[in-house]
Amino acid sequence: MADIIIVGAGPAGLSAAIYARRAGMSTTLYEREMYGGQIINTPEIENYPAIAKISGFDFANDLYNQAINLGATLEFDKVTAVSKTDSGFEVALESGRTDTAKAVILAVGASNRHLGIAREDELLGKGISYCATCDGAFYKDKVVAVNGGGNTAVEDAIYLAGIASKVYLIHRRNEFRADEVLVSAAKALPNLEIVTPYVIESLTGEPKLSGVELTNKEDGSKKSVDVDGLFVAIGQEPKTADFKDLITLQGGYIEAGENCRTNVEGIFAAGDARTKKVRQLTTACADGAVAALAAIDYIKLGV
Ligand code: NAP
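Just so we're aligned: the sequence shown equals residues 128 to 430 in this note's numbering.
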């Protein structure tokens, strides 16, 4: 039996592993995809204290190496269920195996929200992408659109403006949720055009995407924009479906306060999947520390 099982090896999970290992806890991380979580898709991080600039990919690698070098174990498998036992918790894995631990930290993160319009899945990889750093290079000197008004969308639009000949930043409101510094930087780019307040109604092109049909949210007017690519950056949805019968969720997020404690003793929540106001890299890492220290208290002191 491990002391702590951490579900998810993003910034929250890996930070939790660092704290758990430094306290001498045997620690196993389970990750269903690539370690690093969503941060691997961020071209440049410029708001992590004491690191002026680093790519998301490099940050994730450094964090991974730190946790592994401290003795954490990472296994690539999907946790499909967690259940309480007499001595702790049993974790069921997609591979068919099970594992046990005294405490569990859910750092499952969130995945990209989809537009939910016709042909979105069919055109994935044929013009539609959810990751500018992964797929941006395919659009050198081409025309692309980014949809969304948060930090991800505006950062992606700025990044793509350095590759594509033209970038349309389409957002459903005239005001942006993104940080002002990013919005100002986007507005200053000569090949970036802001298109608001518009929603994407439909996708055109066969067999590849060739355009988007837009509707103005204020006056209902329609317009078409020809694009070779569309980067959807409209937020995330927490990956908590497998745990809905285990712990209390609120709007899909794991209900837990700043102490990272869920309604089930011995289960802790960290990172973007937790109910919280600020979902940033710094707060994900902070959650990892808080959740690990709380799990250690639970194991050692029973509180
Ligand atoms: P977000 O902040 O939740 O923004 C999502 C955007 O998509 C919003 O502008 C929203 O519009 C729009 N949207 C949502 N559903 C939509 C739909 N169905 N159709 C059209 N538009 C839709 O998501 P995010 O930008 O991915 O950021 C997530 C978190 O990570 C945030 O806390 C963000 O600050 C953080 N982040 C930080 C950095 C950084 O600090 N460098 C970088 C990336 C992300 P409305 O505004 O109208 O709701």
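Every residue, glycine too, gets a C-beta built ideally from N, C-alpha and C.
Residue 206 sits away from residue 400, with the two beta carbons spaced by 8 Å or more. The straight-line gap separating the alpha-carbon atoms of residue 138 and residue 348 is approximately 43 Å. Taking each of 321, 219, 343, 196 in turn and checking the Cα distance to residue 157, the smallest one comes out for 219. In this structure, the ligand NAP has a non-hydrogen atom nearer than 7 Å to the beta-carbon of residue 326.
The residues 386, 387, 388, 395, in chain order, have a CB closer than 7 Å to that of residue 421 in the same chain once the five nearest residues on each side in sequence are set aside. Using a Cβ distance threshold of 8 Å, residue 322 and residue 296 count as a contacting pair. Looking from the CA of residue 282, the closest CA among 168, 130, 149 belongs to 168. Under DSSP, residue 136 shares a beta bridge with no residue. Within the chosen limit of 7 Å, the ligand NAP reaches the beta carbon of residue 361 through at least one heavy atom.
Our two residues, residue 242 and residue 357, have alpha carbons roughly 11 Å apart in a direct line. With a beta-carbon spacing of about 7 Å, residue 402 and residue 381 fall inside the 8 Å limit used to define contacts.
Rounded to the nearest whole angstrom, the C-alpha separation of residue 247 and residue 336 is 10 Å. Residue range 338-343 is occupied by the beta strand (DSSP E) that includes residue 340.
For residue 247, the shortest C-beta to heavy atom distance toward the ligand NAP is 7 Å or greater.
Where residue 297 is concerned, the enclosing beta strand (DSSP E) starts and stops at 293-297.
Relative to the ligand NAP, the beta carbon of residue 307 is positioned no closer than 7 Å to any heavy atom. Cβ-Cβ distances below 6 Å link residue 256 to 262, 358 in the same chain, with the five nearest sequence neighbours on each side left out; the list follows chain order. Residue 317 counts as exposed, since fewer than 16 other beta carbons sit within 10 angstroms of its beta carbon. Annotated three-state conformation of residue 308 is helix, per DSSP.
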